[in-house]
Every structure is written in structure tokens, then in C-alpha cells.
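Have a look at the structure below, then the notes.
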Amino acid sequence: MNLDFLFYPKSVAVIGASNKEGKIGNAIMKNLINFGFKGKIYPVNVKESEVMGLKAYKSVLEIPGEVDVAVIAIPGRFVPQVLEECGQKGVKGAVVISAGFKEAGNVELEEKLVEVARKWNIRVVGPNCLGITNIENGFDCTFNPPE
Numbered sequence: 028m029n030l031d032f033l034f035y036p037k038s039v040a041v042i043g044a045s046n047k048e049g050k051i052g053n054a055i056m057k058n059l060i061n062f063g064f065k066g067k068i069y070p071v072n073v074k075e076s077e078v079m080g081l082k083a084y085k086s087v088l089e090i091p092g093e094v095d096v097a098v099i100a101i102p103g104r105f106v107p108q109v110l111e112e113c114g115q116k117g118v119k120g121a122v123v124i125s126a127g128f129k130e131a132g133n134v135e136l137e138e139k140l141v142e143v144a145r146k147w148n149i150r151v152v153g154p155n156c157l158g159i160t161n162i163e164n165g166f167d168c169t170f171n172p173p174e
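Here our numbering is used: the first residue of the sequence shown is 28, the next is one more, and so on.
Here's what the structure looks like:
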């Protein structure tokens with residue numbers, strides 16, 4: 028199984044991208060920009076029209092180009108629906124930062140996530156994970172503050 032699209036994406040949607048300091052979506056955006064990710068970055072935020080100088084979209088379905096990876100940093104209860112939209116969009120991989128699944132006793136929510144991922148053949152890292160870093164191409168979708 029080739030997972031290059033997860034580690035060498037040409038485009039990434041950050042679902043939950045934010046202009047607000049202290050938000051996980053803000054830290055992820057900063058890391059992608061500061062580490063020099065060369066691909067396209069599509070912020071997704073239902074309330075913002077722009078995040079860190081980039082046009083923001085209300086849904087991954089509104090993004091005009093292809094999306095290789097969706098980084099999902101929103102409340103866990105919304106993840107299955109957002110993953111469904113990612114499947115409709117043709118997204119190949121998802122990094123689910125969001126928590127509140129099996130690790131918090133919410134087995135049903137995690138089962139729904141798995142069901143949607145299987146339906147659309149989306150490879151998932153997570154949920155409740157730190158993210159992925161590839162220093163070779165600047166793809167850092169973690170929420171660790173840069174040092």
C-alpha cells in the first residue's frame with residue numbers, strides 16, 4: 028500500500044483552521060506556513076472568509092482544486108459528517124487531530140468514523156493524534172509550537 032499522498036501531499040485542507048491564537052487550527056496553519064510547505068493550503072472555517080491571508084472555505088466541498096489530505100481539527104462530534112464531505116470531494120487521506128472518540132468512551136462515534144472512511148476508501152491517521160511531520164517537504168500538520 029502506497030501512502031506517499033499522506034506524507035508528500037500536493038494540497039491540504041485544514042478543517043478548523045483559525046486566526047485565533049491558542050486554537051489548534053491556528054497552530055497547524057502556522058506550522059504548514061512556517062515550515063515552508065510547497066503545496067496548496069486550503070483553510071476551512073465556517074465563520075471566517077480568510078485565515079492567515081488565505082481564502083477560507085466553509086466546506087471542503089467548496090474548494091476549487093483537488094485535496095490530497097484533510098487535516099481535521101474540529102469537535103469530534105462533527106468529524107464523521109466532515110469526513111463524508113471529504114469522501115465526496117475525493118480526498119485520499121485524513122489526519123484527524125480531533126479527540127473524543129473511543130479513547131473517551133465514545134465507541135459509537137469512532138465506529139461511525141471508520142464506517143465513513145471505509146465507504147470512501149480514505150486512509151485515516153488518528154483520531155486524537157498529534158499530526159504528521161515530514162521535514163523533507165515542509166509538511167507539518169502538527170499543533171506543536173515551532174521552536
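Glycine included, each C-beta is placed from N, C-alpha and C at the ideal position.
Give me, in chain order, the residues of the same chain whose beta-carbon lies closer than 6 angstroms to that of residue i; leave out the 5 immediate sequence neighbours on both sides.
i                : result
phenylalanine 32 : Asp95, Lys119 and Gly120
glutamate 137    : Phe128 and Lys129
Helix, strand or coil: which one does DSSP assign to residue i?
i                 : result
glutamate 89      : helix
lysine 82         : strand
lysine 74         : coil
lysine 37         : coil
isoleucine 159    : coil
phenylalanine 166 : strand
lysine 57         : helix
Who are the near neighbours of residue i in its chain, counting only those whose CB is closer than 8 angstroms to its CB and skipping five residues on each side?
i            : result
glutamate 75 : Ala44, Ser45, Asn46 and Ala83
glycine 92   : Ser38, Lys67 and Tyr69
cysteine 133 : The question names cysteine, yet the displayed sequence has asparagine at residue 133. Answer for asparagine 133: Gly103 and Gly127, listed in chain order.
leucine 140  : Val106, Pro107, Leu110, Val123, Phe128, Val151 and Pro154
Identify, in the order they occur along the chain, each residue of the same chain with its Cβ nearer than 7 angstroms to the Cβ of residue i, setting aside the five sequence neighbours on each side.
i            : result
glutamate 77 : Ala83
alanine 97   : Ala40, Ile42, Val87, Cys113, Val118 and Ala121
Around the Cβ of residue i, are there at least 16 other Cβ atoms within 10 angstroms (buried) or fewer (exposed)?
i          : result
glycine 52 : buried
Touching by the beta-carbon criterion (3+ pairs, under 8 angstroms), the stretch 138–153 and the stretch 62–82: no
Every unbroken beta strand (DSSP E) inside the stretch 91–157 [3 residues or more]: 96–99, 120–123 and 150–152
Contact the stretch 34–48 vs the stretch 66–82: 3+ CB pairs below 8 angstroms: yes
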